[in-house]
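Line by line, the protein sequences give chains A and B.
The opening residue of the first sequence carries number 65 in this note's numbering; numbering runs sequentially from there.
The opening residue of the second sequence carries number 65 in this note's numbering; numbering runs sequentially from there.
Cβ coordinates follow ideal geometry from the N, Cα and C atoms, glycine included.
Heads up: the structure comes next, in structure tokens.
2 protein chains.
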Amino acid sequence: MPARGKDGRYHHGDLRAALIETAIEVIGERGVRGFSMAEASRRLGVAVSAPYAHFADRDELLAAVAVHAYQLFYAELSPAVGQVTGPAGQLAELARCYVRFAAAHRPLFEVLYEAGLDKARHPEIETAAAPIDDLLSACVRALSDDQAGAGELASALEATANGHVVLFFDNCAGQDEQTVAQAAERAARSTLALIESRHLLTRPHDQLRL
Amino acid sequence: MPARGKDGRYHHGDLRAALIETAIEVIGERGVRGFSMAEASRRLGVAVSAPYAHFADRDELLAAVAVHAYQLFYAELSPAVGQVTGPAGQLAELARCYVRFAAAHRPLFEVLYEAGLDKARHPEIETAAAPIDDLLSACVRALSDDQAGAGELASALEATANGHVVLFFDNCAGQDEQTVAQAAERAARSTLALIESRHLLTRPHDQLRL
DNA sequence: GTCTATATCCCGATAGAC
DNA sequence: GTCTATCGGGATATAGAC
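The following block contains the structure:
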């Protein structure tokens, strides 16, 4: 809750940080498309022009939220993966964390995939995502002999983890702890299955038995 | 191109169908969030109130687009899968078709996953999707001994195919035929890998070697 | 079924005062 | 850094005429 003065107006707080916080709140209620600078201003009790002292436009605020999302995810991911030994188990844990993170912080996940941010105009987003990519790459490389196989495996794992999140949100009936755990477990199992049969990702087409 | 009279106004056409067509066009240019009833009216040269004679509101028009999407996908999918023998090959073909469809009809795919339609309020969408689900279920059942395994495999395949589409759109650099074929092939390979190691999707956790 | 006209609301962004 | 005030634009949806 941001600090307010007796007159109800915003005071001596960090408006920039408060805007990010409020944006996440609004997105949680109305989705990314339902977020507006005006709404954030209203909730914080500041003038509609105040946010523009901190963000050039709406997209820059959303980009800041995206950066926050990647930083938070890495902060959760890093210790969890560190407790596992072996690249396969680490990749499974990565998938589990990915689903758990998306479920626990849906607004942040939404910003990453539905805000329609132009990454070329907001390079800070990819900078924030880099440590996560590095972690994935390191695990995959530890499993693959050739470079081409590493690329194929990495994209397959990325697609699968993301797909499980989308599937989870689609069946949004119950989002209790049990449902989340089930979705996370499925993502982890799929990860292990892809790793075990990773040779199928690169073998020439005519050697595939169908 | 919808029929128009000499005065430039819309005539004797099927405005309902024209609205769906125009919606797809607009979504292709501006995304789902950029679509509005007013914009569609403008492009068709009709009054902004005209669409409301055919659709109660914006969401109902988008729901009609979603129904069209599922019908078209099934029409493409059915013959392609029919040319393949064996459930594993059919599931791989399904994944390939899924990616190809999304790439060829991005606006339709967007409506399905980004329009934020309340499926409870638009049951016709799930009705249109049913034949596709049935096809997937039939193939999966032909591969699985137990019912639980079938469910796990089905959701893993669904997640993976969808994830490959999202990944493809994310790296939207080139959407030429070659890039599409590569993404479709990756989805098919991942499908075969998951099928081959499907035992990992159900085995109890303590029997997993990490 | 389509039109004209309108009510109502919301948004992004800026200028200039304090 | 925040405020007041405002410009210019766009959206949904309805009422009543034809």
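Per-residue DSSP class, three states only, for residue i
{"i": "residue 230(B)", "result": "helix"}
{"i": "residue 181(A)", "result": "coil"}
{"i": "residue 256(B)", "result": "helix"}
{"i": "residue 85(B)", "result": "helix"}
{"i": "residue 148(A)", "result": "coil"}
{"i": "residue 110(A)", "result": "coil"}
{"i": "residue 269(B)", "result": "helix"}
{"i": "residue 120(B)", "result": "coil"}
{"i": "residue 100(A)", "result": "coil"}
{"i": "residue 242(A)", "result": "helix"}
{"i": "residue 161(A)", "result": "helix"}
{"i": "residue 79(B)", "result": "helix"}
{"i": "residue 105(B)", "result": "helix"}
{"i": "residue 261(A)", "result": "coil"}
{"i": "residue 95(A)", "result": "coil"}
{"i": "residue 237(A)", "result": "coil"}
{"i": "residue 135(A)", "result": "helix"}
Beta carbon of residue i nearer than 8 angstroms to that of residue j
{"i": "residue 188(B)", "j": "residue 131(B)", "result": "yes"}
{"i": "residue 164(B)", "j": "residue 244(B)", "result": "yes"}
{"i": "residue 111(B)", "j": "residue 83(B)", "result": "no"}
{"i": "residue 295(B)", "j": "residue 224(B)", "result": "Only positions 65 to 274 of chain B appear in this structure, which leaves residue 295(B) out of reach."}
{"i": "residue 252(B)", "j": "residue 122(B)", "result": "no"}
{"i": "residue 200(A)", "j": "residue 212(A)", "result": "no"}
{"i": "residue 148(B)", "j": "residue 96(B)", "result": "no"}
{"i": "residue 179(B)", "j": "residue 134(B)", "result": "no"}
{"i": "residue 205(A)", "j": "residue 194(A)", "result": "no"}
{"i": "residue 202(B)", "j": "residue 228(B)", "result": "no"}
{"i": "residue 172(A)", "j": "residue 129(A)", "result": "yes"}
Assumed close pair residue i, residue j - CB separation to whole angstroms, cut-off 8 angstroms
{"i": "residue 250(B)", "j": "residue 216(A)", "result": "7 angstroms"}
{"i": "residue 262(B)", "j": "residue 257(A)", "result": "7 angstroms"}
{"i": "residue 79(A)", "j": "residue 118(A)", "result": "6 angstroms"}
{"i": "residue 169(A)", "j": "residue 125(A)", "result": "Actually they do not touch by this definition, with Cβ atoms about 17 angstroms apart."}
{"i": "residue 186(B)", "j": "residue 127(B)", "result": "4 angstroms"}
{"i": "residue 138(B)", "j": "residue 196(B)", "result": "5 angstroms"}
{"i": "residue 166(A)", "j": "residue 239(A)", "result": "With 8 angstroms as the limit, residue 166(A) and residue 239(A) do not qualify as a contact, their Cβ atoms being about 11 angstroms apart."}
{"i": "residue 181(B)", "j": "residue 259(B)", "result": "Not a contact, Cβ separation roughly 32 angstroms."}
heavy atom of the ligand NAD below 7 angstroms from residue i C-beta
{"i": "residue 131(A)", "result": "The model on display carries no ligand, and the ligand NAD is accordingly not part of it."}
Query raised in the report: So, do the segment 81 to 90 of chain A and the segment 137 to 157 of chain A have three or more beta carbon pairs nearer to each other than 8 angstroms?
Result: No: the two stretches stay apart, fewer than three of their Cβ pairs being nearer than 8 angstroms.
Requested in this report: Taking only runs that begin and end inside the segment 165 to 220 of chain B, name each unbroken alpha helix (DSSP H) of 4 or more residues, in chain order.
Outcome: The qualifying runs are 170 to 178 and 187 to 207.
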